[in-house]
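Residue numbers (this note's numbering): 7 to 605. By construction, the Cβ of each residue, glycine as well, lies at the ideal position given by its N, Cα and C atoms. All values reported here derive from a predicted model rather than from experimental measurement.
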């Protein structure tokens, strides 16, 4: 039966219809054979029994007519000789009719018993009965009344004896006919039973093949339809063990339904495998390898491309966030160092202001005590030398402020570049998140926050750059003033050496020095304000850098939820807009062979 199940549907149908055709042929053959046998029996019954009974009836009638003619010949011989003569002619005619019927009857005899009766009748009829009729004709011709009476009596007795033989023959044929009728009835019953049995077998075979073939075709197709409806209407690819086992059994056969079940199972295997890959991707595992049925596997190619793009995108994002985190950390450290340096500069400027105030006070005292200049020349010289040294330190401090301001400008430019790159990266991440659809909404929010943070960083860097430029300008002015002050102090030292001859000029010079120191004091106050502004800006930059570092850590944490392939990165065509983003090679995707399992 398994061999039959493995046959093609065409072969199954041909075999089934051939079996039904053979059964129909058997039914027809039995019917024709039975009809032929019944017809043959009827023909034999007519030939061997019905026709002989007709011949016997004709013989019986003509024999009785002969006996009547013989009696009339005797009775009417004297009363009506003409009628008696007619009866003599009628006797001859009846003899001919009897002999014809007797000859026909002889041809229908089939049994020894009937043949014995025929022989007895033939001996009597053609022997003694013929002699008696000849004697009767002679007596009639001679007019011998006694002889006629004797002959008539003998003819009547022998005719009765011959009729007795005919009665036996007739009864024998009736019995044989009855036997043949019974045999024919039995034959009809037998043929009917055989036909009923063969027809019943044919019907049962037809019903069996109808249900068997319909089950062979309908049940596998029904299971495939049920599985297809489950997958199509509900999207549920988790099939029951019973359904899987049944479709496995269907797929084992070699006919069209088995091949259809195998093709369906193979198709569902591929879909389920890709669904499992998508589930792993949904859970953040981007190391999944997509198994494709062939190079023309549309779903497999799309899934493989999606996994590759996600690996590349998240790899680039991970790399960029690491760079942003590192850069923001460096910016925070630099900003903290800058704040500390500006604090130290502020203290130095305050000390410088105090020193300049002292010099100014001494200058005023010098002006008031011009008359005592000679006596105090050595003291003024000492103070002037100390002022020169302090001015040298102030000049060096101003130069340090200028150098630090230039360093801060370079750091701010780096911050601005990083903010620009971060803004571009955030825009690209938002675009990729939009492509990802529903799954990219959370990442789009993070990308938007990163872009806003980058904008704030760029704005803060711009403000800081402007303040640093102003600081540099003021520092240059302070350096110039410090240089002039240094020259003035040198002049004071030289003047002290000549104090003995220049006492008259001390008052005017001291007044000029007082004015110059007031200007210096104002310049130092401006430098102090700039330093304080730089300190506040540096603190804000440090806070912004720390916030950007925190956002970068958050973004890294979100990206870390995805398990990426080694060296995963976007293809060059997809990251050409990222500018200086680091390059990464795309990991090759392996193509596995069909596992061969069903569901």
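Would you check if there are 3 or more beta carbon pairs closer than 8 angstroms linking the region 305 to 319 to the region 390 to 401?
no
Can you give the beta carbon distance from residue 243 to residue 278, rounded, assuming they're within the 8 angstroms contact cut?
5 angstroms
I'd like the span of the alpha helix (DSSP H) that includes residue 141, first residue to last.
136 to 148
Under 8 angstroms, do residue 624 and residue 421 count as touching if we go by C-beta distance?
Past the edges of the chain, shown from 7 to 605, lies residue 624, and the structure says nothing about it.
Work out the CA separation of residue 114 and residue 204 for me, nearest whole Å.
38 angstroms
Using only alpha-carbon positions, find the residue among 558, 215, 491 and 63 that is nearest to residue 458.
558
With DSSP run on the structure shown, which of helix, strand or coil describes residue 275?
helix
Quick test of your reading: residue 432 and residue 464, contact by CB under 8 angstroms. State the CB separation rounded to the nearest angstrom.
Wrong, their Cβ atoms sit about 12 angstroms apart, outside the cutoff.
Taking all protein chains shown into account, decide if residue 256 is buried (16 or more other Cβ within 10 angstroms of its Cβ) or exposed.
buried
With DSSP as the reference, label residue 38 as helix, strand or coil.
helix
Taking Cβ positions, are residue 292 and residue 317 nearer each other than 8 angstroms?
yes
For the alpha helix (DSSP H) holding residue 66, just list the boundary residues, first then last.
57 to 85
Is residue 201 near residue 36, with beta carbons less than 8 angstroms apart?
yes
Please report the Cβ distance between residue 108 and residue 65, rounded to the nearest whole angstrom; I am assuming they are in contact, meaning their Cβ atoms lie under 8 angstroms.
6 angstroms
Can you tell me which of 146, 119, 98 and 173 puts its alpha carbon nearest to the alpha carbon of residue 136?
98
What do you reckon, are the CB atoms on residue 408 and residue 478 nearer than 8 angstroms?
yes
Since residue 62 contacts residue 175 with CB under 8 angstroms, what's their CB separation in whole angstroms?
6 angstroms
DSSP three-state label for residue 113, please.
coil
Would you call the region 120 to 138 and the region 153 to 170 touching, i.e. three or more CB-CB distances under 8 angstroms?
yes
Member of 130, 451, 321 and 57 whose CA lies at the smallest distance from the CA of residue 179:
57
Rounded to a whole number of angstroms, what is the C-alpha to C-alpha distance between residue 155 and residue 80?
7 angstroms
For residue 288, which residues in the same chain have their Cβ closer than 8 angstroms to its Cβ, ignoring the five residues on either side in sequence?
445
Residue 445 by DSSP, collapsed to three states: which one?
helix
Residue 225 versus residue 211 - alpha carbon distance
20 angstroms
So, under 8 angstroms CB-CB, residue 542 and residue 462 are touching, yes? Tell me the CB distance rounded to an integer number of Å.
Not confirmed; about 16 angstroms, so no contact.
Status (buried if at least 16 other CB within 10 Å, exposed otherwise) for residue 83:
buried
By Cβ distance, which residues of its chain are closer than 6 angstroms to residue 335, with the 5 residues on each side in sequence left out?
555
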